[in-house]
Structures are given as C-alpha cells and as structure tokens.
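Chains A and B, in that order, are what the protein sequence lines are. The opening residue of the first sequence carries number 1 in this note's numbering; numbering runs sequentially from there. The opening residue of the second sequence carries number 341 in this note's numbering; numbering runs sequentially from there.
There are 2 protein chains.
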Amino acid sequence: MKNKRMGRQTVVLPSSPSIVGFAAVGGKLESQGPLADSFDLLEQDSMFGQKTWEQGESTMQKKALETALSKAGLRKNQLDYVFAGDLLNQCIGSAFSLRDSNLPFYGLYSACSTMGEGLSLAAMLIDSGFAQHAAAMTSSHFCTAERQYRMPVPYGSQRPPSAQWTATAAGCTILAASGGGPHITHVTCGKIVDKGINDVSNMGAAMAPAAYDTLSAFFRDTKTAPDDYDLIITGDLGKLGREIVLDFFRKDGVELGDRYQDCGMLLYDLKKQDMHCGASGCGCSAAVLNAHLLPRMHSGKWKKILFAPTGALLSPTSSFQGESIPGICHAVCICSDPLN
Amino acid sequence: MKNKRMGRQTVVLPSSPSIVGFAAVGGKLESQGPLADSFDLLEQDSMFGQKTWEQGESTMQKKALETALSKAGLRKNQLDYVFAGDLLNQCIGSAFSLRDSNLPFYGLYSACSTMGEGLSLAAMLIDSGFAQHAAAMTSSHFCTAERQYRMPVPYGSQRPPSAQWTATAAGCTILAASGGGPHITHVTCGKIVDKGINDVSNMGAAMAPAAYDTLSAFFRDTKTAPDDYDLIITGDLGKLGREIVLDFFRKDGVELGDRYQDCGMLLYDLKKQDMHCGASGCGCSAAVLNAHLLPRMHSGKWKKILFAPTGALLSPTSSFQGESIPGICHAVCICSDPLN
Chain A
1 MKNKRMGRQT VVLPSSPSIV GFAAVGGKLE SQGPLADSFD LLEQDSMFGQ
51 KTWEQGESTM QKKALETALS KAGLRKNQLD YVFAGDLLNQ CIGSAFSLRD
101 SNLPFYGLYS ACSTMGEGLS LAAMLIDSGF AQHAAAMTSS HFCTAERQYR
151 MPVPYGSQRP PSAQWTATAA GCTILAASGG GPHITHVTCG KIVDKGINDV
201 SNMGAAMAPA AYDTLSAFFR DTKTAPDDYD LIITGDLGKL GREIVLDFFR
251 KDGVELGDRY QDCGMLLYDL KKQDMHCGAS GCGCSAAVLN AHLLPRMHSG
301 KWKKILFAPT GALLSPTSSF QGESIPGICH AVCICSDPLN
Chain B
341 MKNKRMGRQT VVLPSSPSIV GFAAVGGKLE SQGPLADSFD LLEQDSMFGQ
391 KTWEQGESTM QKKALETALS KAGLRKNQLD YVFAGDLLNQ CIGSAFSLRD
441 SNLPFYGLYS ACSTMGEGLS LAAMLIDSGF AQHAAAMTSS HFCTAERQYR
491 MPVPYGSQRP PSAQWTATAA GCTILAASGG GPHITHVTCG KIVDKGINDV
541 SNMGAAMAPA AYDTLSAFFR DTKTAPDDYD LIITGDLGKL GREIVLDFFR
591 KDGVELGDRY QDCGMLLYDL KKQDMHCGAS GCGCSAAVLN AHLLPRMHSG
641 KWKKILFAPT GALLSPTSSF QGESIPGICH AVCICSDPLN
C-alpha cells in the first residue's frame, strides 16, 4: 500500500476528493451579520418550529443536510457515510437530526473543530475507495449551549470582554470521489495542546496554542509557507485568540498578516452586534466554511485555502474540578485546482 | 481508485490490518467477575489514585494505552492516530487521558459502540496507507456514568430488573499495517435505528433493533451467514437485549444459538454479582474484546468473529424532553487468517 503520510501529522490525498455540495443554516443574529446574504437558510424562530431548542438544533442540521444534497444533485441514499457531531451532551444534536435518515453514521466529538475532523475523515475514506460520497456536518445553538455550559438563558448573565457568542448555525459539506472542485488535497490531524488556561470565558486563549501547533505541523510536513496560501483561516478563536496565533508565528519570524483570518471574527459585525471577541461554537466554522469560504472559492476569489477549525475539549465538570482547558485543531487544505 | 464497498454499509479491507497490541483495565467489580484473570490491570480503588472519578476514568485509558503499546512493542510516537471517545459529557475521559500524550487524536462519540467505530476508522485509515499504526480506545466508569445519567451514587437508588450496570473499565487495541494477526477484514457502519423505546432502564431493548439491523446488513453485504463465524458478539445489550436479537433473527428463519453472545453478559457473573441484565458502558465491550476475545483468538479458540458493539445515543436532556432512545451498532469482522 502506497504511503500517503507526509511528516508526523499530515497526509496527502492523491485523488483530491471534490466538494460537490454545501449548505449553511443560521438563526436571527446570524441573519443580522455580514454573512447573512450567503446563508442558504436563515430562521428568526430560535426553536426552528420545534418544541425545544435541542430539537431546533437538530432541525438546523437536517435542513443543512437536505440543502447540501439538493445543491449537489444527489439523493440521500447515495451518501455512503455521514460524519457528524456537536456540542450537546452525548451529541444529541447530530443523533436526533439523523435518527430517521437511514444513513450510515459515524459520530464525532471534537468540540468546535468537528467540521475539520468530519471533512478530514470523509475525504480520507473517499480517497481510499471506501466511499463515493460522504457528508461532514455539525451545528451549535446559542440557547442549548448557554444553558448547558453556563447559565439558564433567562438569567441574562453578564459576559466578560474576552467571551465569545455561540453561533446558532449548522453547516454541511458533501464530498465525492469526482467533481469539479474545490478539492481536499491534504489533511493534518491535531494533537491536544493545553497551556494551562482555565478561564472558560477566554476560549480563544485556550485554543490558540493548538491552532499554532497544527498550522505549524502542516507547514512543516508539507514543506510550504503561509505565503503559498490565499487564505489561512482558524475558527473559532475570535479576536483575542487570533492575536495570540499571530504572536506565536511572529516569534518564529513569520508575519501572517491579513492572509490569516478567523471564522469567529467573520460571522458577526463585531462593532455593531456587541459580540465581544466574536463567534464560537461548532456552527461558527461550519457556517463560515459553507456560507462564505466555499462559495468564494467557486467564484474564484481564493484558489488555495487552509481551513483549521479549533476546539476546546473541556466540560462544565472538568472546569468545576479545576482542570485547565485542552485545545485541538484539525486542518484541511482546500484547492480549486489540485494540480496547481 | 479501487472500490472497496460491498453493498450499502460494508467495506472490505484488502490489506487486512493486523491487531498488534491490546489491553484491558478494570475496577473492583470487574476483578470479581469471570474475566478477572484476563485483564491486564485491575484496581480496587475507584479513583485509580486520583482525586476525582473523572480523573480515574482518564487514568484507566492512559494505562490501557500504555499497556497495549508495551505489549505491541511500540513506542508512543509510532502511533499515527488515536481514535477515542467515552460516555462523559464532551468526552472528557478521552480528552484528559490524551492531554499530555502529544498524539494525533480524532475524538469519537458513539456511546457504547465507540470501540466498534474506533476499530473501523483505524483499520480503514491503515488499509489505505494513511497510517502505519493506530489505536482505538474507550472507557466507562460506574461512578462517573451514574451521577451523570442517573442519580448521585450515595443515594443508592434502586434499579429495575431490566437495568444494566455500567462497567468500570477501559480497553485499547492497536492496529498495524502488518503483523501476525488477528486481522480486521470487513467493517460495517451502522445506521441509527429507533423503535420508540423510551425506558432508560431498558437499554438492551432500545439497542437490540440496531444490532439486528447492522448484523443483517453485514450478512447481506458480505453474502455470508451466521454459521460462517465462530462467534458473533454484540455489546452491551445484556440478557434482555440478546433475547430480542435472537427473536429478530428467528423471525427471519435464522437460529443464532450459542454462537451468538453479548459482551454485557460476559463481564460479570450474573447470578452471583446481582447485575440484573448485565454490564453496559463503552468499557464493557472494550474490556471484553481486549481481555477475552483477542487473547482467545490468539490461542486459537476462535478463528473468525464478528464484533458488533452497540450504543444508545440518548442524553438525560433528550429523555427529560420525552424523546425515545436512538440505537446504533458498528461491526468489524476479525479473522486469524484473512485468506481462510
């Protein structure tokens, strides 16, 4: 078997699986943000027509999957695998969204880096002939996350300036063995990095070292430099986390500049929408990928991007027990033309 | 790329990745059960020398990984991937066990079927040249599960006869591109099956339809019959769930008989240990695989087995909201000699 490994953490996908469908669904605040026009569906009702927020979150995923399939021109039973996960305890957002789908399902948990993990595994299984079509999907919901991780929503508890706002959004990307692109050419699997940050209102700082670690591994393994990419985008580090990543690279003598963006800073208007450090949640990078990045790759704005969503692998229990916050980041390289 | 798919849900692994290391760690009740002699490590202290049960659960995983690596004769940095997950909210059992490992990590959530999902993905990535070595690992802990899913442990709440007992155990299996076996030859990815069971004290009934669904898909896809296998083993359905699976197959005119076992019935002595319907938890099937099944494949007792752990994709929140319990089952075929 041909070795597809490049260095310690990165693999090359010789067949460059193609992205053939993608969709993003968002809520009220997302409909007031700068990416509103790019969403496939925006809903003002936080319940998404259901009886509970959790059912609403599952409904977002269902709609994202249906829309992505429709845009890909595929029937549901053409999907060989769905990779999905979310922030809810026991990932019920994904399990209940797929309960009646009759689709082969591998459940993931990688916090807000789930979109990166799902894309990675879907692309690798397609590249190796285990699948013709596979979907990667995730979601988050402000109200389900808030009451699970922090306070009951009606308390209206105050948030420190370093806090981020959990996106109410879902994204689904469908990959295929062949298609017109964009293509996934490389995948870098993250390691857990924990620098001892234990402030749950400062997730950007907790996850930034993992983003730096995975991006550095990608450049080292592929023997490329940031300048080789039109866009390098982490998520969801927010304003503070992005600054920290810029600083880490600066210490290595690398100035990332505006070529480096973060999904958490793009979903909302940080000045007008009072979101402090930006957006967070699995749905943040999933929505930015599917509503913003992929359409603009299609239109030719970017030809080669590095998508690197970040996750904080804590739970309320681990924080109550005084543990620091482990971070992780999974990266995929997406190219319009894999030969270029 | 060669198509490796067989039917709707099953794939064949042409290179048959080899299991080169395996280990099981258990707690006090596991040390009193019929498999006690087969565990690599048994610990009487439910904290495993730590300050919290959650840290204890992570410690079990750490020890399972270390022991499996040692038995495989591998250094930690030879592992290309670890696939791990557990039952704790946000899967902190796995995240904290791997926090300092410096290992590439893909997090999974598939409830008690996690060992099946991890083995599947590890084997597929090795078969396709993305990895030389990969580990699949999971755990559960009676005390962390009990207080998260049910009642604070000191309440000593009564359990109905259909209930199972969450195993305090961890298992780790290490796969490699080459080795003397046993080998993973086929993988069947499960679909969610939900027949409307909402009794959280009867997980066997909730998961049995998923087990039947995945096993049926495996036999259909591979054009084989139960008689072609020395052992077909689900987990963790327990006594009642196993009866339901037997019934489902009986309706198809297939008598599985004693060839069909369930991990939930093997970990404890159901008569002496008063465990009602048997063991459950991610650690149950992981421990039975690594302490019981793999050693006996090595010794020649079985040559070809079908390992099909089952998971219940509920959460306390979904149950409080009146939802039924979605089940899933992921199967892998393990052979001593893949050419036979």
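Don't be surprised by glycine CBs; every beta carbon is placed ideally from N, CA and C. Note that the structure is predicted; figures quoted are calculated from it, not measured.
Look at the alpha carbon of residue i and the alpha carbon of residue j, and state the distance between them as a whole number of angstroms.
{"i": "B/Y552", "j": "B/D561", "result": "14 Å"}
{"i": "B/V594", "j": "B/M615", "result": "29 Å"}
{"i": "B/S453", "j": "B/S441", "result": "24 Å"}
{"i": "B/S398", "j": "B/K591", "result": "43 Å"}
{"i": "B/N417", "j": "B/C512", "result": "16 Å"}
{"i": "A/V288", "j": "B/K644", "result": "47 Å"}
{"i": "B/P444", "j": "B/Y421", "result": "5 Å"}
{"i": "B/R348", "j": "A/V12", "result": "27 Å"}
{"i": "B/E406", "j": "B/S676", "result": "24 Å"}
{"i": "A/A308", "j": "A/L246", "result": "14 Å"}
{"i": "B/E486", "j": "B/T478", "result": "17 Å"}
{"i": "B/S658", "j": "A/T52", "result": "10 Å"}
{"i": "A/K2", "j": "A/L215", "result": "25 Å"}
Within its chain, find whatever has a CB closer than 7 Å to the CB of residue i; leave out the 5 residues flanking it on each side and keep chain order.
{"i": "B/H632", "result": "L375, S378, L606"}
{"i": "A/I357", "result": "In the structure as shown, chain A starts at 1 and stops at 340, and residue 357 of chain A therefore has no counterpart that could be examined."}
{"i": "B/L448", "result": "F423, A424, G425, T454, E457, G458"}
{"i": "A/A72", "result": "V20, G21, I174"}
Take residue i as the anchor and find which of the options has the nearest alpha-carbon.
{"i": "A/G85", "options": "A/L98, A/E43, A/T188, A/G73", "result": "A/L98"}
{"i": "B/P494", "options": "B/M543, B/P500, B/Q504, B/C483", "result": "B/C483"}
{"i": "B/W505", "options": "B/V540, B/H526, B/T525, B/L629", "result": "B/V540"}
{"i": "A/S285", "options": "A/D80, A/V12, A/T10, A/A23", "result": "A/A23"}
{"i": "B/Q613", "options": "B/G347, B/V365, B/V360, B/Q372", "result": "B/Q372"}
{"i": "B/V527", "options": "B/G496, B/K368, B/D467", "result": "B/D467"}
{"i": "A/Q44", "options": "A/D247, A/L88, A/H141", "result": "A/H141"}
{"i": "B/S356", "options": "B/T392, B/S460, B/K402", "result": "B/S460"}
{"i": "B/G604", "options": "B/A503, B/T525, B/V672", "result": "B/A503"}
Using a Cβ-Cβ distance under 8 Å, would residue i count as near chain B?
{"i": "A/K195", "result": "no"}
{"i": "A/S315", "result": "yes"}
{"i": "A/F219", "result": "no"}
{"i": "A/M124", "result": "yes"}
{"i": "A/E117", "result": "yes"}
{"i": "A/L69", "result": "no"}
{"i": "A/L246", "result": "no"}
{"i": "A/P154", "result": "no"}
{"i": "A/V20", "result": "no"}
{"i": "A/T52", "result": "yes"}
{"i": "A/G190", "result": "yes"}
{"i": "A/I174", "result": "no"}
{"i": "A/I184", "result": "no"}
{"i": "A/P338", "result": "no"}
Looking only at its own chain, which residues have a Cβ that is under 8 Å from the Cβ of residue i, when we skip the five neighbours before and after it?
{"i": "A/S110", "result": "G85, G116, E117, G311, L313, I328, H330"}
{"i": "B/R599", "result": "P566, D567, Y569, D570, L571, I572"}
{"i": "A/F219", "result": "A225, P226"}
So, does the CB of residue i fall closer than 8 Å to a CB anywhere in chain A?
{"i": "B/S497", "result": "no"}
{"i": "B/Y449", "result": "yes"}
{"i": "B/R415", "result": "no"}
{"i": "B/Y421", "result": "yes"}
{"i": "B/E663", "result": "yes"}
{"i": "B/P469", "result": "Checking the sequence shown, residue 469 of chain B turns out to be Gly, not Pro. Yes, B/G469 counts as interfacial toward chain A."}
{"i": "B/G425", "result": "yes"}
{"i": "B/A510", "result": "no"}
{"i": "B/V365", "result": "no"}
{"i": "B/K344", "result": "yes"}
{"i": "B/R439", "result": "yes"}
Could you name the residues of the same chain whose beta carbon sits closer than 6 Å to that of residue i, not counting the 5 residues immediately before and after it, in chain order?
{"i": "A/P427", "result": "Chain A is shown only over 1 to 340; residue 427 of chain A falls outside these bounds and no answer can be derived."}
{"i": "A/A122", "result": "F83, A134, A136, L175"}
{"i": "A/K195", "result": "P209"}
{"i": "B/A471", "result": "D420, Y421, L465"}
{"i": "A/V193", "result": "P209, A210, D213, G327"}
{"i": "B/L596", "result": "P566, L586, F589"}
{"i": "B/Y608", "result": "G373, M615, A619"}
{"i": "B/A510", "result": "V365, M400, Q401, A404, S479, G623"}
Quick one: does the C-beta of residue i sit closer than 7 Å to a heavy atom of the ligand MG?
{"i": "B/L409", "result": "With respect to the ligand MG, the structure shown offers nothing to examine, as it has no ligands at all."}
**OP:** Just list the alpha helix (DSSP H) runs in the segment 556-610 of chain B, keeping only unbroken ones of 4 residues or longer that don't cross its boundaries, in chain order.
**Re:** 578-591
**OP:** Tell me the start and end of each unbroken beta strand (DSSP E) in the segment 358-417 of chain B that is at least 3 residues and wholly inside, in chain order.
**Re:** 358-366
Original post:
Whole alpha helix (DSSP H) runs in the segment 139-216 of chain A with 4 or more residues, listed along the chain?
Top reply: 142-149
Original post:
What are the complete beta strand (DSSP E) segments, minimum 3 residues, inside the segment 96-143 of chain A?
Top reply: 105-107, 133-140
Subject >> Completely contained alpha helix (DSSP H) runs for the segment 610-640 of chain B, where each covers 4 or more residues >> reply: 622-627, 634-638
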